[in-house]
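Take a look at the structure below.
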Amino acid sequence: MSQWEIPKPQPVMSEETAPFWEGTAKGELRVQRCAACGSLQLPASAVCSSCLSSDIAWIQVSGHGAVFSFTVVHHAFHPAFASEVPYVVADIELDEGPVLTASIVDVDHAEVKIGMEVEARFRRLDEEYVLCVFIPRGSKLPEGAPGDSGTESKQTGGK
Amino acid sequence: MAGMSGKVSVVGVGHTAYGRLPGVSAWALQAEAVRNAVADAGLSIADVDGLFTESQFSEPLLMHGTILGRQLGMRPRFLSTQSQGGATCISLIQTAALAIDAGMCSVAAVVYGDNAKTGQPNIYGLAQMGRGQADFVAHGLLGGPAMEALAAQRYRWEYGVTDEQFGSVAVTFRRHASLTPHAQYREPMSMDDYLASRWIAEPLRLYDCAITTDGGACVLLASTERARDTAQPGVQIIGMGQAHNLDGLRDKHHYTQFAGARSSREAYAMAGIGPRDVDVAEFYDCFTSTVLVTLEDYGFVGRGEAGAFAAEGGLSLSGALPSNTSGGLLSEANVTGWGQVIEAVRQLRGSCGARQVRGASTAVCSGHGGFQATHATLVLAGADAA
Numbered sequence: 013m014s015q016w017e018i019p020k021p022q023p024v025m026s027e028e029t030a031p032f033w034e035g036t037a038k039g040e041l042r043v044q045r046c047a048a049c050g051s052l053q054l055p056a057s058a059v060c061s062s063c064l065s066s067d068i069a070w071i072q073v074s075g076h077g078a079v080f081s082f083t084v085v086h087h088a089f090h091p092a093f094a095s096e097v098p099y100v101v102a103d104i105e106l107d108e109g110p111v112l113t114a115s116i117v118d119v120d121h122a123e124v125k126i127g128m129e130v131e132a133r134f135r136r137l138d139e140e141y142v143l144c145v146f147i148p149r150g151s152k153l154p155e156g157a158p159g160d161s162g163t164e165s166k167q168t169g170g171k
Numbered sequence: 008m009a010g011m012s013g014k015v016s017v018v019g020v021g022h023t024a025y026g027r028l029p030g031v032s033a034w035a036l037q038a039e040a041v042r043n044a045v046a047d048a049g050l051s052i053a054d055v056d057g058l059f060t061e062s063q064f065s066e067p068l069l070m071h072g073t074i075l076g077r078q079l080g081m082r083p084r085f086l087s088t089q090s091q092g093g094a095t096c097i098s099l100i101q102t103a104a105l106a107i108d109a110g111m112c113s114v115a116a117v118v119y120g121d122n123a124k125t126g127q128p129n130i131y132g133l134a135q136m137g138r139g140q141a142d143f144v145a146h147g148l149l150g151g152p153a154m155e156a157l158a159a160q161r162y163r164w165e166y167g168v169t170d171e172q173f174g175s176v177a178v179t180f181r182r183h184a185s186l187t188p189h190a191q192y193r194e195p196m197s198m199d200d201y202l203a204s205r206w207i208a209e210p211l212r213l214y215d216c217a218i219t220t221d222g223g224a225c226v227l228l229a230s231t232e233r234a235r236d237t238a239q240p241g242v243q244i245i246g247m248g249q250a251h252n253l254d255g256l257r258d259k260h261h262y263t264q265f266a267g268a269r270s271s272r273e274a275y276a277m278a279g280i281g282p283r284d285v286d287v288a289e290f291y292d293c294f295t296s297t298v299l300v301t302l303e304d305y306g307f308v309g310r311g312e313a314g315a316f317a318a319e320g321g322l323s324l325s326g327a328l329p330s331n332t333s334g335g336l337l338s339e340a341n342v343t344g345w346g347q348v349i350e351a352v353r354q355l356r357g358s359c360g361a362r363q364v365r366g367a368s369t370a371v372c373s374g375h376g377g378f379q380a381t382h383a384t385l386v387l388a389g390a391d392a393a
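Protein chains in written order, with the working numbering: chain A, 13 to 171; chain B, 8 to 393.
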């Protein structure tokens with residue numbers, strides 16, 4: 013990132029969310045699993061939202077899911093996105109159950125549909141964070157896409 | 008009727024000019040609104056012993072009420088600042104009604120004001136969402152419209168709602184604003200204008216979204232007994248309800264059904280009425296899609312029927328359910344939920360002139376926010392009905 017660019021808003025590594033971001037840095041998508049009742053949940057919470065147990069661990073999930081809903085964002089609500097509009101953000105229903113909000117990248121916007129199957133990819137946001145984004149399932153891993161700083165990895169890989 | 012029904016009344020309403028008011032602080036807007044509401048009721052600020060506030064969004068302050076109350080010279084017996092997004096106004100009114108009924112204050116001012124149009128920019132609106140709880144900002148999901156778009160897209164898909172059905176809400180409410188002298192946007196809007204407005208976040212266009220306003224508004228409450236000695240015709244609170252779906256869009260049901268279904272059920276039960284008894288509705292119309300889902304949640308139409316109901320004129324002044332009769336958040340002003348309550352009170356007083364719904368005696372107001380998480384409902388009755 014050149015110094016005159018406006019940085020994008022960052023996620024926040026908190027006591028609850030740190031394991032999620034440590035996961036994305038390794039190319040792993042993780043969700044919380046309650047050891048007491050088995051519930052899976054996102055976003056990170058301090059306790060299990062089903063049974064209030066504190067005995068929760070992070071597990072890696074498949075990275076497969078389907079588009080539950082999506083939007084094509086045209087208005088730059090933050091100056092850092094002014095050069096990226098229009099772009100797609102979706103609520104992804106993971107195969108394991110939880111819903112995750114994330115970008116869908118490397119796709120013709122007209123092809124994004126509710127129900128479309130997607131799979132996770134990992135892209136570096138900045139020096140600190142790697143984001144979990146999604147591409148249509150089965151599409152080829154794009155090579156050297158614009159804006160890709162060469163840090164993309166598949167779920168099974170990791171950097 | 009049950010519980011709190013009819014015990015507390017709205018005795019005064021007041022607001023500032025709405026629109027572009029450069030150089031006027033949020034505090035000045037709040038103070039002017041209080042002054043106008045007190046005058047409307049024929050009371051003085053010395054009579055007001057309860058203060059209920061929401062902080063200006065552009066400068067979120069945890070102890071907002073202490074700062075406003077000091078500037079108003081108040082030494083209140085009851086003080087509360089709340090934050091529930093678009094449900095805050097009605098939630099504050101409900102808390103104030105409970106405090107009045109409990110004898111903990113006698114006249115309550117419920118206040119909001121912000122210079123959102125020309126003041127401090129609040130483009131992210133995310134400080135309130137909590138550390139680590141809104142990480143989707145990094146994906147560019149920022150601001151209410153982008154988040155609402157996710158719900159609206161799913162709602163469209165499930166029920167086959169058309170662009171024109173969304174648009175009919177915006178066009179109808181603009182027509183109501185054109186009959187409202189204080190409304191911010193009064194120029195006529197056609198369906199072509201709506202369809203030509205730019206995309207914000209698909210499926211939402213510019214005219215699907217609430218406007219931005221510099222302005223302040225205040226609702227003044229007292230016991231119904233005390234209300235008899237004030238200047239305006241009494242408008243009683245006959246139903247109150249709240250319900251919150253705190254999972255928001257993490258719960259797959261909350262895209263097409265909001266907490267309004269539960270909230271309205273509570274309010275109807277307290278009021279002893281049903282949706283058929285409502286003469287006027289003032290919906291929290293932060294987006295056109297929100298109005299459609301609320302129509303269904305409140306039982307005015309069946310699931311998936313709201314789009315056709317709106318397109319066939321159901322929301323217009325001569326329709327089956329005259330709604331947002333002063334233009335709502337889409338055209339009148341965006342002072343979060345205060346505009347809805349103030350307009351409902353004016354309709355029940357019969358003081359709305361060209362936009363008056365004849366014979367209006369029962370009105371319902373909705374408050375909705377927190378990115379599909381919070382909801383509150385108020386049912387009001389005019390002097391004749393109560």
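Where is the CB? At the ideal position from N, CA and C, for every residue including glycine.
Less than 7 Å separating the beta-carbons of residue i and residue j?
i	j	result
C225 (chain B)	G21 (chain B)	yes
G374 (chain B)	C96 (chain B)	yes
F59 (chain B)	A94 (chain B)	no
M277 (chain B)	S12 (chain B)	yes
A44 (chain B)	L336 (chain B)	no
G150 (chain A)	D107 (chain A)	no
F93 (chain A)	I116 (chain A)	no
N122 (chain B)	A38 (chain B)	no
R181 (chain B)	S338 (chain B)	yes
A145 (chain B)	A208 (chain B)	no
A40 (chain B)	G120 (chain B)	yes
Give the straight-line distance between the Cα atoms of residue i and residue j, rounded to the nearest whole angstrom.
i	j	result
P188 (chain B)	S87 (chain B)	32 Å
T169 (chain B)	K38 (chain A)	43 Å
A315 (chain B)	Q172 (chain B)	7 Å
A383 (chain B)	N252 (chain B)	11 Å
A46 (chain B)	R362 (chain B)	24 Å
T301 (chain B)	E139 (chain A)	44 Å
T113 (chain A)	F378 (chain B)	13 Å
A134 (chain B)	D286 (chain B)	For A134 (chain B), the predicted model reports a pLDDT of 48, less than 50, meaning its position is unreliable; a value from the coordinates is still stated below. Each residue's alpha carbon lies about 39 Å from the other.
T168 (chain A)	E40 (chain A)	Its pLDDT being 48, under 50, T168 (chain A) is placed unreliably by the model, and nothing is read from it.
V352 (chain B)	S57 (chain A)	42 Å
G281 (chain B)	V308 (chain B)	12 Å
Q191 (chain B)	G326 (chain B)	24 Å
P148 (chain A)	F80 (chain A)	13 Å
P29 (chain B)	G222 (chain B)	11 Å
S333 (chain B)	G321 (chain B)	16 Å
R163 (chain B)	Q347 (chain B)	26 Å
F85 (chain B)	A370 (chain B)	28 Å
M196 (chain B)	Q72 (chain A)	51 Å
Q44 (chain A)	E303 (chain B)	34 Å
E232 (chain B)	K14 (chain B)	8 Å
R205 (chain B)	D284 (chain B)	38 Å
G19 (chain B)	A234 (chain B)	10 Å
A47 (chain A)	L54 (chain A)	15 Å
L148 (chain B)	Q239 (chain B)	46 Å
D200 (chain B)	T220 (chain B)	21 Å
D292 (chain B)	M25 (chain A)	35 Å
Can you pull the chain A residues whose beta carbon is under 9 Å from the beta carbon of residue i, in chain order?
i	result
Y262 (chain B)	F80, S81 and D103
D170 (chain B)	Residues of chain A passing the Cβ test: none, with the nearest at roughly 14 Å.
Of all Cβ atoms in chain C, is any one closer than 7 Å to the Cβ of residue i?
i	result
D215 (chain B)	The chain inventory of the structure shown lacks chain C, comprising the protein chains A and B.
For residue i, go through chain A and note every residue whose CB falls closer than 8 Å to its CB, in chain order.
i	result
F316 (chain B)	Under the 8 Å cutoff, chain A gives no residues; its nearest Cβ is about 23 Å from F316 (chain B).
Q160 (chain B)	S81, F82, T83 and I126
L149 (chain B)	P21, F89, H90 and F93
W164 (chain B)	S81 and I126
D79 (chain B)	Residue 79 (chain B) is actually Leu in this sequence, not Asp. Within chain A, no residue comes near L79 (chain B); the closest Cβ sits about 34 Å away, beyond 8 Å.
V143 (chain B)	Contrary to the premise, residue 143 (chain B) reads as Phe rather than Val in this sequence. The answer, in chain order, is V101, T113 and A114.
So which residues of chain B does residue i contact, with C-beta pairs closer than 9 Å?
i	result
A122 (chain A)	By Cβ distance, chain B contributes nothing, its closest Cβ being about 11 Å from A122 (chain A), past 9 Å.
E96 (chain A)	G147
V59 (chain A)	Per Cβ cutoff of 9 Å: no residues; V59 (chain A) is ~14 Å from chain B at best.
Closer than 8 Å by C-beta to residue i: which residues in its own chain qualify, once you throw out the five before and the five after it? Chain order, please.
i	result
Q127 (chain B)	S65 and E66
R42 (chain B)	G21 and I52
S51 (chain A)	R45, C60, S61, S62 and C63
In chain order, what residues of the same chain lie with their CB nearer than 7 Å to the CB of residue i, ignoring the 5 residues before and after it?
i	result
R269 (chain B)	A250
G109 (chain A)	L52
Can you pull the chain A residues whose beta carbon is under 7 Å from the beta carbon of residue i, in chain order?
i	result
K124 (chain B)	Those do not exist, as K124 (chain B) stays about 16 Å from chain A at its closest Cβ, beyond 7 Å.
Quick one: list the residues of chain B neighbouring residue i, beta-carbon separation under 8 Å, in chain order.
i	result
H86 (chain A)	R205, W206, I207, A208 and E209
S115 (chain A)	H146 and G147
**Message:** Counting only Cβ-Cβ distances shorter than 8 Å, please list the residues of the stretch 134-147 of chain A near chain B, keeping chain order.
**Reply:** Those residues of the stretch 134-147 of chain A that come within reach of chain B (Cβ to Cβ, closer than 8 Å) are L137, Y141, L143 and V145.
**Asked** Which of the residues in the stretch 37-56 of chain A, read from start to end, lie with their CB under 8 Å from any CB of chain B?
**Response** For the stretch 37-56 of chain A, which is checked against every Cβ of chain B, the residues closer than 8 Å are L54, P55 and A56.
**Request:** May I ask you to list, following chain order, the residues of the stretch 248-276 of chain B that have a beta carbon less than 7 Å from some beta carbon of chain A?
**Result:** Against chain A - using a Cβ distance shorter than 7 Å - the residues of the stretch 248-276 of chain B are L256, R257, K259 and Y262.
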